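Chains as they are written, first to last, in the working numbering: chain A, 11 to 373; chain B, 11 to 373.
2 protein chains.
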Amino acid sequence: MSAHNVVAEAFAQTRYPLGGHGKRVVQVLKDVLDEVEGTVEGDLYGSGQLIEEFEAKLAAYLGKQSAVFFPSGTMAQQVAMRIWCDEKGLKKVAYHPLAHLEIHEQEGMHKLHGIEAVLLGEKDRLIRLEEILHLQEEIACLLIELPQREIGGQLPSFADLQAISAHCREKGIRLHLDGARLFEILPYYQKTAEEVCALFDSVYVSFYKGIGGIAGAILAGDTAFTEQAGVWKSRYGGNLISLYPYILTANAYFDQRIPKMGLYHEQAKELAALYNECHGVTTKPEVPVSNMFHVHVALPKERLEPILAAVYQESGVGLTHYVRETESGTCYFEISIGDRYAQVPKAALHTAFRLLNEHIQKL
Amino acid sequence: MSAHNVVAEAFAQTRYPLGGHGKRVVQVLKDVLDEVEGTVEGDLYGSGQLIEEFEAKLAAYLGKQSAVFFPSGTMAQQVAMRIWCDEKGLKKVAYHPLAHLEIHEQEGMHKLHGIEAVLLGEKDRLIRLEEILHLQEEIACLLIELPQREIGGQLPSFADLQAISAHCREKGIRLHLDGARLFEILPYYQKTAEEVCALFDSVYVSFYKGIGGIAGAILAGDTAFTEQAGVWKSRYGGNLISLYPYILTANAYFDQRIPKMGLYHEQAKELAALYNECHGVTTKPEVPVSNMFHVHVALPKERLEPILAAVYQESGVGLTHYVRETESGTCYFEISIGDRYAQVPKAALHTAFRLLNEHIQKL
């Protein structure tokens, strides 16, 4: 058994796995369908009450004129980039070096649209306001991800966001929000989604991160934008005859979990503090600004893994199911708080962290 | 109320709607999920037992090395065209003027890939063998749709298909099968899917036509082809975190309805014969070669519509929920036989056709 599997195996045996809402199993869909009448008509190629009502609900929530449900955020965001590039007649956009479009989409935006990316800032930190203000290259669109997932879920100040937005409007640069985890940061900003989205021309949100749905995304903006988005959705083969399995679950879990985003944030802060008390362990950010953060451990992956497995066996608490190496020989993993956290008894949690700290210090 | 709605409204009231498997309602999903354990793990970004087993099952059924599940046929076929164009370094493919890629995809293939289409044959008939043999223009791929849906579901002879395949292999042209309704034509050809697909380099099949699933498609070919298809699926944003609602339904209804394709074909022939006995009514093809055909009526749309509504009210049988105009001022509609047909009492069916014929002749 590989070292990776030691952690995964031990995690799978724990009584109290700690992150997320639970396993991605069929029950997630069954729970929602049990509450839906079988006679409800599915959406048909983007039309019908089921999809149109959800799109209208999210448009209102995000404070945008209109919204289009997409099967995935990858598709939605490439479409947004293309629309803004076509508008300006310039195939160039800017984003963080660890943007989803840059590292998780197999160069889709470039291969399908010929759009070039200008990478702003550095991999290990947020884009700085001055890097945007002093950008020399002409671009059609700037994409900002809130929070920046690959660096633990970090956020610029809201004042910086406002300055970025004002700058882009002045310069005729479209501003797009990668809001894969937008719902999750609203408690920190103490803003409504509408207040955040007002700074952006187009917005994408996801339904299988903090919301815990099965898949699916919304792309929102003004009507001229979403009409084009609908055409591109067809071109991509994203205008499925029926998307209702995703819409029904997105809608149900949205209603269920939007009110809990503040709780997840508080729990993330509580958990990050426990990590930061451990020897050689730090979280990024130190104080989470959403339900997520990264845990960095000043040990090689191979040394941390047996420790985690031991902690899980002794405490019954599963902290993470994997550990990833960093370039500098240390290791890290990502935490996203969901419904599971509240089910972990505090005593077991504190036992786990006491053990983790002891095991690390024994090395 | 518009004339269109007269037919749709009357159809909605009928006791015996005749086409398809039934309404596209949530029950279609619930019926399948009731038989699936909640603990079954969903697929994760294209991996996992649930998706891999279904892909392997369909690869075996189609007689191909490998298969990839796609959210839609639009995406799958554009990807196939791109792969074959890249292979040859030539962005040109050929297909029928009423191919799905040409008329239902908002120029997706051209806008996303810059691929040009050579249209073969005429809109009102199949591509002829000699049009392929004598094609002067160089192309990377020829797409053949079996059956050709937009002309009522027509088929070339199997001997012609074999000749097309041999020609393409000799000339280094990749041959792709648009098999949106492949399952439905096997009883006519008296061939296995494997025997038909052996003539093609790549094959797409759909799960929401004769199979009656919710959405989804399979793209199959050799492993070198499907590996690339998987990468393009990611680029398109089609590699959703979970596609299991579509896979579970595709699999269940595949098992349920594949054995019924012969029955659907016989029923289509029976129903077409009833239409052809009516004054001024002809079907295309005259004798169906699948579960589908088109019904052409030598009347303006506005004159047929009240007749249909009257027939539905008097007989309780719903023949079609819409009528479409042709360019020559007559009208037509499409029939696809599914599970509903067997539920229509023969007496009611014959009453409906007697009434239809009488109403038309009274004009």
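Note that beta-carbon positions come from the ideal geometry of N, C-alpha and C, so glycine has one too. Keep in mind it's a predicted model, so treat the numbers as computed, not measured.
Cβ shell of residue i (< 6 angstroms), same chain only, five flanking positions each side left out
i: residue 107 of chain A; result: 129, 133
i: residue 13 of chain B; result: Its pLDDT being 49, under 50, residue 13 of chain B is placed unreliably by the model, and nothing is read from it.
i: residue 263 of chain B; result: 221, 222, 223
i: residue 168 of chain A; result: 199
i: residue 25 of chain A; result: 326
i: residue 284 of chain B; result: 363
i: residue 95 of chain B; result: 101, 125, 150
i: residue 232 of chain B; result: 75
i: residue 321 of chain A; result: 362, 365, 366
Contacts of residue i in chain B (Cβ-Cβ under 8 angstroms)
i: residue 56 of chain A; result: Neighbours of residue 56 of chain A on chain B: none; closest Cβ ~12 angstroms, over 8 angstroms.
i: residue 115 of chain A; result: 244, 245, 247
Chain B contact residues for residue i, given Cβ-Cβ distances below 9 angstroms
i: residue 118 of chain A; result: 242, 244, 245, 246, 247
Within chain A, the residues that residue i reaches when beta carbons sit closer than 9 angstroms
i: residue 42 of chain B; result: The premise fails here: residue 42 of chain B is roughly 10 angstroms from chain A at the closest Cβ pair, so nothing lies under 9 angstroms.
i: residue 33 of chain B; result: 49, 51, 52
Inter-residue CB distance, residue i and residue j (contact presumed, cutoff 8 angstroms)
i: residue 171 of chain A; j: residue 196 of chain A; result: So it is not a contact: roughly 13 angstroms between Cβ atoms.
i: residue 84 of chain A; j: residue 62 of chain A; result: About 23 angstroms; that fails the 8 angstroms criterion.
i: residue 65 of chain B; j: residue 35 of chain A; result: Not a contact, Cβ separation roughly 20 angstroms.
i: residue 293 of chain A; j: residue 282 of chain A; result: 4 angstroms
i: residue 173 of chain A; j: residue 74 of chain A; result: Not quite, the Cβ-Cβ distance comes to about 22 angstroms (not below 8 angstroms), so this is no contact.
i: residue 104 of chain A; j: residue 145 of chain A; result: 7 angstroms
i: residue 240 of chain A; j: residue 118 of chain A; result: Not confirmed; about 19 angstroms, so no contact.
i: residue 259 of chain B; j: residue 77 of chain B; result: Wrong, their Cβ atoms sit about 17 angstroms apart, outside the cutoff.
i: residue 101 of chain B; j: residue 125 of chain B; result: 5 angstroms
i: residue 175 of chain B; j: residue 187 of chain B; result: Actually they do not touch by this definition, with Cβ atoms about 10 angstroms apart.
i: residue 183 of chain A; j: residue 151 of chain A; result: 7 angstroms
i: residue 238 of chain A; j: residue 93 of chain A; result: 5 angstroms
i: residue 317 of chain A; j: residue 369 of chain A; result: 4 angstroms
i: residue 81 of chain B; j: residue 290 of chain B; result: So it is not a contact: roughly 42 angstroms between Cβ atoms.
i: residue 109 of chain B; j: residue 143 of chain B; result: Between residue 143 of chain B and residue 109 of chain B the Cβ distance is about 19 angstroms, and since that is not below 8 angstroms, they are no contact.
i: residue 72 of chain A; j: residue 204 of chain A; result: 6 angstroms
i: residue 40 of chain B; j: residue 43 of chain A; result: 5 angstroms
i: residue 37 of chain B; j: residue 48 of chain A; result: 3 angstroms
i: residue 345 of chain A; j: residue 305 of chain A; result: 6 angstroms
Spatial neighbours of residue i in its chain, beta-carbon cut-off 7 angstroms, leaving aside the 5 residues before and after
i: residue 380 of chain A; result: Since the first residue shown for chain A is 11 and the last is 373, residue 380 of chain A is missing from the structure and cannot be characterised.
i: residue 79 of chain B; result: 61, 64, 65, 226, 228, 253, 257
i: residue 270 of chain A; result: none
i: residue 122 of chain A; result: 88
i: residue 332 of chain A; result: 14, 17, 18, 343
i: residue 28 of chain B; result: 327, 328, 329, 350, 351, 354
i: residue 31 of chain A; result: 222, 348, 349, 350
i: residue 356 of chain B; result: none
i: residue 288 of chain B; result: 363, 366, 367, 370
i: residue 272 of chain A; result: 197
Close-in-space but distant-in-sequence residues of the same chain around residue i (CB under 8 angstroms, 5 per side omitted)
i: residue 11 of chain B; result: Residue placement at residue 11 of chain B is poorly supported in this model, since its pLDDT is 45, which falls under 50; the coordinates are not used for a value here.
i: residue 390 of chain A; result: The question about residue 390 of chain A has no answer, for chain A in this structure spans 11 to 373.
i: residue 136 of chain B; result: 106, 158, 161, 164, 165, 166
i: residue 339 of chain A; result: 310
i: residue 323 of chain A; result: 20, 23
i: residue 286 of chain A; result: 292, 293, 296
Chain-ordered chain B contacts of residue i [CB-CB under 7 angstroms]
i: residue 252 of chain A; result: 34, 224, 225
i: residue 122 of chain A; result: 122, 245
Opening and closing residue of the beta strand (DSSP E) in which residue i lies
i: residue 288 of chain A; result: No beta strand (DSSP E) holds residue 288 of chain A; DSSP gives it neither H nor E.
i: residue 126 of chain A; result: 126 to 129
i: residue 76 of chain A; result: 76 to 80
i: residue 105 of chain B; result: 102 to 105
i: residue 31 of chain B; result: Neither: residue 31 of chain B is in no beta strand (DSSP E) and is coded neither H nor E.
Within chain A, partners of residue i - CB distance below 7 angstroms
i: residue 39 of chain B; result: 43, 255
i: residue 378 of chain B; result: No statement about residue 378 of chain B is possible, as the shown extent of chain B runs from 11 to 373 and does not include it.
Segment limits, alpha helix (DSSP H) that includes residue i
i: residue 212 of chain A; result: Unbroken run through residue 212 of chain A is the beta strand (DSSP E), 212 to 216; no alpha helix (DSSP H).
i: residue 170 of chain B; result: 168 to 181
Contacting positions in the stretch 268 to 302 of chain A - beta carbon closer than 7 angstroms to chain B: Listed in sequence order: no entries.
Proximal residues, the stretch 65 to 87 of chain B versus chain A, C-beta separation under 9 angstroms: 80, 81, 82, 83, 84, 85, 86, 87
Residues in the stretch 210 to 227 of chain A having any Cβ partner in chain B nearer than 7 angstroms: 218, 224, 225
Against chain A: residues of the stretch 153 to 175 of chain B by CB proximity under 8 angstroms: Against chain A - using a Cβ distance shorter than 8 angstroms - the stretch 153 to 175 of chain B contributes no residues.
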